Amino acid sequence: MFKINENYLKLPGSYLFSTIGKKVNAYAAAHPDKKIIRLGIGDVTQPLAPAVITALHGAVDEMARAETFRGYAPDLGYEFLRNAIAENDYKARGCDISPDEIFVSDGAKCDSGNIQEIFSVDNKIAVCDPVYPVYVDTNVMAGRTGVYDAGSETWSDVIYMPCRLENNFAPQLPKQTPDLIYLCFPNNPTGSTITKAQLQEWVDYANKVGAVIIYDAAYEAYISEEDVPHSIFECEGARACAIELHSFSKNAGFTGVRLGYTVIPKDLKCGDVSLHALWARRHGTKYNGAPYIVQRAGEAVYSEEGKAQLKQQVAYYMKNADYILKGLKDAGYTVSGGINAPYIWLKAPNGMNSWEFFDYLLENANVVGTPGSGFGPSGETYFRLTAFGSYENTIEAVDRIKSL
Ligand code: MLT
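Heads up, the sequence shown is in this note's numbering, so the first residue is 14 and it goes up one at a time.
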C-alpha cells in the first residue's frame, strides 16, 4: 500500500491567497451588485510594456519558421538573457556575478520553494515574522520544521525573527544559530527595507556562523532610497554565503507570463561541494527551462525602451502606494511601507485582529486586502494593501476606507 508524504498533513489550512480568494468569491456570489476592489494578492494590473510585447511577437514569429524554431532551452537559460541580467542587474551595480552563475526559471515563487531541496533536512531555518508563506510552507513539506503549535502559530524547529514597529520591521540577528536564513528586501509583506550597512551585518554574520542567506530581491525595482541595496551581492563576502532570487513579475508585470532567475555564486560551498553544481544538477533533472518566447520578452526588459517603459510602470504603482500611505495616515491609521515597496502595512484599527479587519473591510468598504496573521504571528493585528491596482481603483478604495 502506498504512503503519502505526511508532512503535507501538518500544513495548517490552505495557501493564504487561496483562502482569501475563496472568501472573496463567496462574498461576491452573495452580493453580485457590489463593486469589489482587490488590493489583496500582489498581482499586477497594467499591461505588458510595448517593448516586451514587440519581443514576444518577434519570438512567436521565429517559432513559426523552421530555420528559427527553437526546442528545449539550454539548462541554465539562454545566454542572451543571462548576459543581459549579468550586465544590468549586477555589473552595472558593481557586483561580481557572471552569466554562468545565473539560472533562469519560471519565477521566484518556484525557486524560493524549491531551493531548500539542495539542503539537508536537518538544517534549521530562520525566517522573518511576518514572512512570505512559501518559505515556511515548503520547508514544512520537506519535513524540516518540527511540530506546529496552533496556539502560537509557530513551528518548533523554525527560528522566527520578529519584525515589528519598534524595530522598523527589520529583523535582528537571531539568538539561536540558523543554517539557512530567508531574507526578503524590500520586504513582502511589510514593505520595509534595510540599508546596505545593515545587510552587510547579515552577510558577516552568515559567514561567521556558516549559514546560507536565501535573499529574495523580487521587489528591488521599487527601491527609491539611495542607501538601500538592490542586491545582496553589493555586500562584501556575499559570494561565499548568499543565494539571490529574482522575479520579472513585479518589475515587468510578468505574473501571467512567468520568468525569474536565481543566482548561486561558484564560491558558495559546503566543504568542497559547490551549491552551484547541486542546483545545476537539480535544474537539469527537474526542469526544461522557461519558454524561448518568454526569455526573449525578458531580454526586452533590459533594452533601452524596455527600461524606460518599466520605469514608468513602477512609478505608476508607486503613485498608488503614495496615495494609500498618505490617505490612510490622514485617516489616523498607523501605516508603513510604500516608499521602497509596493506594499503598505497598516495596523488594524479599534483592537480588531487581522481577519476581523479583513471581514470588516470586505463587508463595509468592499475592499480586499491581506490579513497580516496569514504571514505569521507578528502580523496578527496588521493588514497589507498592495499598490498593484489601477490608479482609479486605488483612489476609490482609499476613499471608501477613509469614509468608514
Ligand atoms: C503576494 O501577494 O504576496 C505575492 O503576490 C505572492 C507572490 O508573488 O507569489
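All C-beta atoms in this analysis are idealised placements derived from N, C-alpha and C, irrespective of residue type, glycine included. From a predicted model like this one, the values you see are computed outputs, not experimental measurements.
- In the DSSP assignment, Gly387 forms no beta bridge with any residue.
- Scanning the stretch 306-351 for uninterrupted beta strand (DSSP E) segments of 3 residues or longer gives 348-350, listed from N- to C-terminal end.
- Of the heavy atoms belonging to the ligand MLT, at least one sits nearer than 7 Å to the Cβ of Lys122.
- Rounded to whole angstroms, the gap between the alpha carbons of Cys108 and Lys209 is 13 Å.
- Here Ser169 is exposed: its Cβ has fewer than 16 other Cβ atoms, across all protein chains shown, within 10 Å.
- Contact check between the stretch 138-149 and the stretch 311-320: fewer than three CB pairs, one atom from each, fall below 8 Å, which does not count as touching.
- Residues of the same chain with a CB within less than 6 Å of the CB of Asn301, apart from the 5 flanking positions on each side, are Tyr85 in chain order.
- If only uninterrupted alpha helix (DSSP H) runs of at least 4 residues are considered, those enclosed by the stretch 190-252 are 209-222.
- DSSP, read as helix, strand or coil, puts Ser169 in coil.
- Look at Met14 here: in three-state DSSP terms it is coil, with no helix or strand label.
- Excluding five sequence positions before and after Asp142, the CB atoms of its chain that fall closer than 7 Å to its own CB belong to Tyr173, Met174, Pro175, Cys176, Gly389, Pro390, Ser391, given in chain order.
- Taking 8 Å as the cut-off, the beta carbon of Ile357 is found no closer than this to the beta carbon of Gly120.
- Nearest Cα to Phe371 within the set Glu393, Lys188, Asn181: Glu393.
- Excluding residues up to 5 positions away in sequence, Ile54 lie with their Cβ nearer than 6 Å to the Cβ of Phe30 in the same chain.
- Distances between the C-beta of Ile54 and the heavy atoms of the ligand MLT include at least one below 7 Å.
- Assignment of Glu257 by DSSP, reduced to helix, strand and coil, places it in the strand class.
- Relative to the ligand MLT, the beta carbon of Tyr228 is positioned no closer than 7 Å to any heavy atom.
- For Lys122, the enclosing alpha helix (DSSP H) stretches over residues 121-127.
- Excluding its 5 nearest sequence neighbours in each direction, Asn377 has C-beta neighbours in its own chain below 7 Å: Leu417, listed in chain order.
- Distance from the CA of Gly34 to the CA of Thr58, rounded to the nearest whole angstrom, comes to 17 Å.
- Contact between the stretch 222-231 and the stretch 358-367 is absent: fewer than three C-beta pairs spanning the two stretches fall below 8 Å.
- Within the same chain, and ignoring the five residues on either side of Arg157 in sequence, the residues whose Cβ sits closer than 6 Å to its Cβ are Val134.
- At least one heavy atom of the ligand MLT sits closer than 7 Å to the Cβ of Tyr145.
- Take the alpha-carbon of Ala97 and the one of Leu281: they are about 23 Å apart.
- Within its own chain, the residues whose Cβ lies closer than 8 Å to the Cβ of His243, once the five positions on either side in sequence are excluded, are Asp102, Arg106, Ala230, Glu233, Ile236, listed in chain order.
- For the pair of segments examined, the stretch 345-355 was found not to touch the stretch 109-118: the number of CB pairs separated by less than 8 Å stays below three.
- Within its own chain, the residues whose Cβ lies closer than 6 Å to the Cβ of Phe182, once the five positions on either side in sequence are excluded, are Cys176, Thr203, Ser205, listed in chain order.
- The continuous stretches of alpha helix (DSSP H) do not include Ala139, which lies in the beta strand (DSSP E) extending over residues 138-142.
- Of the heavy atoms belonging to the ligand MLT, at least one sits nearer than 7 Å to the Cβ of Ser262.
- Minimum Cα-Cα distance from Tyr218 among the listed residues Pro187, Ile131, Asn201, Glu239 corresponds to Pro187.
- Rounded to the nearest whole angstrom, the C-alpha separation of Val37 and His44 is 10 Å.
- The C-beta of Gln189 has fewer than 16 other C-beta atoms within 10 Å across all chains shown, which makes the residue exposed.
- In the DSSP assignment, Pro112 forms no beta bridge with any residue.
- For Gly273, the enclosing beta strand (DSSP E) stretches over residues 273-276.
- Contact between the stretch 331-347 and the stretch 404-411 is present, with at least three C-beta pairs closer than 8 Å.
- Bridge pairing for Met174: Cys141 [DSSP].
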